[in-house]
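Colleague: Just passing along the structure, written as structure tokens.
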Amino acid sequence: MSEFPGDLGRSWNGTPPEVPNYLIPTDLPNFSYPNDYAAKFNADPLTMLIEAIKTDSNNAHLQNLGPYLFYCKGIYPSTVSKLIFSPQFPFDLKSFLYFYFNSIIHDFTSLSDSVYYCFSRIAFPDNKDEIQLILDMFSGIYLTCNPSFEYDIPTLSNLLKALLIQSGFNVPGKKFPKSKYLELTNNNKIPRPFRERVFDDLENRPFPVFFTFTNFNKPPEYEKRGMLKKIGGLFKTKNDRCFAIDGFVLKYYNDNTMKGLIGELDIPGTISSYEPAQKKEPEHLLIRKKDSGSLGYKISKEGVRKKSNHSDYIAYSDQTDITSWANNLNLIAFWKLVYDLIQ
Numbered sequence: 001m002s003e004f005p006g007d008l009g010r011s012w013n014g015t016p017p018e019v020p021n022y023l024i025p026t027d028l029p030n031f032s033y034p035n036d037y038a039a040k041f042n043a044d045p046l047t048m049l050i051e052a053i054k055t056d057s058n059n060a061h062l063q064n065l066g067p068y069l070f071y072c073k074g075i076y077p078s079t080v081s082k083l084i085f086s087p088q089f090p091f092d093l094k095s096f097l098y099f100y101f102n103s104i105i106h107d108f109t110s111l112s113d114s115v116y117y118c119f120s121r122i123a124f125p126d127n128k129d130e131i132q133l134i135l136d137m138f139s140g141i142y143l144t145c146n147p148s149f150e151y152d153i154p155t156l157s158n159l160l161k162a163l164l165i166q167s168g169f170n171v172p173g174k175k176f177p178k179s180k181y182l183e184l185t186n187n188n189k190i191p192r193p194f195r196e197r198v199f200d201d202l203e204n205r206p207f208p209v210f211f212t213f214t215n216f217n218k219p220p221e222y223e224k225r226g227m228l229k230k231i232g233g234l235f236k237t238k239n240d241r242c243f244a245i246d247g248f249v250l251k252y253y254n255d256n257t258m259k260g261l262i263g264e265l266d267i268p269g270t271i272s273s274y275e276p277a278q279k280k281e282p283e284h285l286l287i288r289k290k291d292s293g294s295l296g297y298k299i300s301k302e303g304v305r306k307k308s309n310h311s312d313y314i315a316y317s318d319q320t321d322i323t324s325w326a327n328n329l330n331l332i333a334f335w336k337l338v339y340d341l342i343q
């Protein structure tokens, strides 16, 4: 059973789109897959990778293996990413990404098309070095195939970060503002008309975004709010608190009127998780700082902010609600990583 809810082959923006024939290289082999290969790969990717090589020795060559996985219907993008970024992956990571992203024709292909078909087939990890590697490898391939696009890898990679944020925040009823996108890319050397054109293309047709650390079949709740229980005081009393996500901050209030702000938790740099019941401790939401630093601020009735000396925070609800909060908080922490990578 998956550790995440829902269908891991679908994001809120849909499933990985079928590549049109005109973008499929004519020299690709006619791949054949064993029965239920995708399902078995999703369950045990390393074993099925080895099986693919045993079945067809040509798959031992990355120029075949990359497209073999790229075009296998039903393989989860998160399974691919978890495999290739694991220590057990038996191939050079950069070489694999080179051939994986070269599974479509990039020559004279619009950037929005190349992004749309490639980024929907890989899941993004919550690791800035791995995010950067994915974007740099794609940038190098696209620039090599389009020499008239006279920019360097860092320039294109920075634009891709803003486009990734755009598609990630493209949810029904609230799309990512173009003004914010132009602000993020203001220092980019690529001309504004080109940047706007790619933005418009991907606003009309956002690519499905996948992650290794969470999954969303339904749109994320970037302004999620709701009641959670907090246990505190000498007698360990349970009190209802209203929580609300505001940008990169989780604010909490005395009640659902949201008038008495009593604390703020900084979401960046945190990991949130559902913790099952153990002995006397009921199931709960655990938010903890990765570096064990201060998690945020307590706010007095007078509005005075005092830095918290805690690196974790616990709140209580049922499993469904806790999992929803954890997934949304982890996603927001991820987006701050991407924001911080833009130069």
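Per UniProt numbering, residue 1 is the first one in the sequence shown, and the count goes up by one each step.
The beta carbon of each residue, even a glycine, is placed where N, CA and C say it ideally should be.
Can you give, in chain order, each stretch of the alpha helix (DSSP H) that sits fully within the segment 12-71 and has at least 4 residues?
Modeller: Entirely contained in the segment 12-71, the alpha helix (DSSP H) runs reaching 4 residues are, in chain order, 37-43, 45-55 and 62-70.
Colleague: Taking only the alpha-carbon atoms, compute the straight-line gap between ARG121 and PRO45 and give it to the nearest angstrom.
Modeller: Taking the first residue of the sequence shown as 1, we reach residue 121 at position 121. Taking the first residue of the sequence shown as 1, we reach residue 45 at position 45. C-alpha separation (whole angstroms): 15 Å.
Colleague: Is TYR22 buried or exposed, if buried means 16 or more other CB atoms sit within 10 Å of its CB?
Modeller: Numbered from its first residue, the sequence shown carries residue 22 at position 22. With fewer than 16 other Cβ atoms within 10 Å, it is exposed.
Colleague: Name the DSSP beta bridge partners of GLN319, please?
Modeller: Along the sequence shown, read from residue 1 onward, the residue named residue 319 stands at position 319. In DSSP, GLN319 forms no bridge with anything.
Colleague: Work out the CA separation of GLY226 and ASN328 for me, nearest whole Å.
Modeller: Taking the sequence shown and counting its residues from 1, one reaches residue 328 at position 328. Taking the sequence shown and counting its residues from 1, one reaches residue 226 at position 226. So the alpha carbons of these two residues sit roughly 13 Å apart.
Colleague: Is the segment 284-302 in contact with the segment 71-89, if contact means three or more CB pairs nearer than 8 Å?
Modeller: No: fewer than three Cβ pairs fall under 8 Å.
Colleague: What does a CB cutoff of less than 8 Å around LEU295 pick up in its chain, not counting 5 residues either side in sequence?
Modeller: On the sequence shown, residue 295 is found 295 positions in, with the first residue counted as 1. Only LEU265, ASP266, THR270, ILE287, ARG288, LYS289, SER308, HIS310, SER311, ASP312 and TYR313 meet the Cβ criterion.
Colleague: Quick one: Cα of SER112 to Cα of HIS61, how far?
Modeller: Position 112 of the sequence shown, counted from the start, is the residue given in the question as residue 112. Position 61 of the sequence shown, counted from the start, is the residue given in the question as residue 61. Each residue's Cα considered, the two are about 29 Å apart.
Colleague: Determine which residues share a DSSP beta bridge with PHE243 and list them.
Modeller: Residue numbering aside, residue 243 sits at position 243 when the sequence shown is read from its first letter. In DSSP, PHE243 forms a bridge with GLY226 and TYR252.
Colleague: Give the range of the beta strand (DSSP E) segment to which GLY168 is assigned.
Modeller: Counting from one through the sequence shown, the residue named residue 168 turns up at place 168. Careful: GLY168 lies outside any beta strand (DSSP E), inside the alpha helix (DSSP H) at 153-168.
Colleague: Just verifying my parser: in three-state terms, what is the DSSP assignment at VAL198?
Modeller: Against the sequence shown, residue 198 aligns to sequence position 198. Here VAL198 sits in helix by DSSP.
Colleague: Mind checking whether LEU331 and PRO220 have CB atoms under 8 Å apart?
Modeller: One-based indexing of the sequence shown puts residue 331 at position 331. One-based indexing of the sequence shown puts residue 220 at position 220. Yes, these two residues count as a Cβ contact at 8 Å.
Colleague: How would you call ASN13, buried or exposed, if buried means at least 16 neighbouring beta carbons within 10 angstroms?
Modeller: Walking along the sequence shown from the start, residue 13 turns up at place 13. Its Cβ being crowded by 16 or more others within 10 Å, ASN13 is buried.
Colleague: Classify LYS218: buried if its beta carbon has 16 or more other beta carbons within 10 angstroms, exposed otherwise.
Modeller: Taking the first residue of the sequence shown as 1, we reach residue 218 at position 218. With fewer than 16 other Cβ atoms within 10 Å, it is exposed.
Colleague: Would you mind stating whether LEU164 and VAL19 have Cβ atoms separated by less than 8 Å?
Modeller: Within the sequence shown, the letter at position 164 stands for residue 164. Within the sequence shown, the letter at position 19 stands for residue 19. It is not a contact, given that the beta carbons lie outside the stated cut-off.
Colleague: Kindly list the residues whose CB is nearer than 7 Å to the CB of ASN25, restricted to its own chain and excluding five residues on each side of it in sequence; keep chain order.
Modeller: Within the sequence shown, numbered from 1, the residue matching residue 25 stands at position 25. Here residue 25 is Pro; the residue named in the question, Asn, does not match the sequence. Same-chain partners within the cutoff: ILE105.
Colleague: Give a yes or no on whether the C-beta atoms belonging to TYR222 and LYS189 are separated by under 8 Å.
Modeller: For the purposes of this step, residue 222 is taken as residue 222 along the sequence shown, with counting starting at 1. For the purposes of this step, residue 189 is taken as residue 189 along the sequence shown, with counting starting at 1. Contact: no.
Colleague: Determine the direct distance from the alpha carbon of PRO125 to that of GLU196, and round the result to whole angstroms.
Modeller: Position 196 of the sequence shown, counted from the first residue, corresponds to residue 196. Position 125 of the sequence shown, counted from the first residue, corresponds to residue 125. Looking at the two C-alpha atoms, the distance is approximately 27 Å.
Colleague: Mind checking whether GLY263 and TYR297 have CB atoms under 8 Å apart?
Modeller: Within the sequence shown, residue 263 is the residue found at index 263, counting from 1. Within the sequence shown, residue 297 is the residue found at index 297, counting from 1. Yes, the Cβ-Cβ distance between GLY263 and TYR297 is below 8 Å.
Colleague: Specify, as a first and last residue, the run of the alpha helix (DSSP H) that SER95 falls within.
Modeller: Start at 1 with the first residue of the sequence shown, and residue 95 comes out as number 95. Here the alpha helix (DSSP H) through SER95 covers 93-101.
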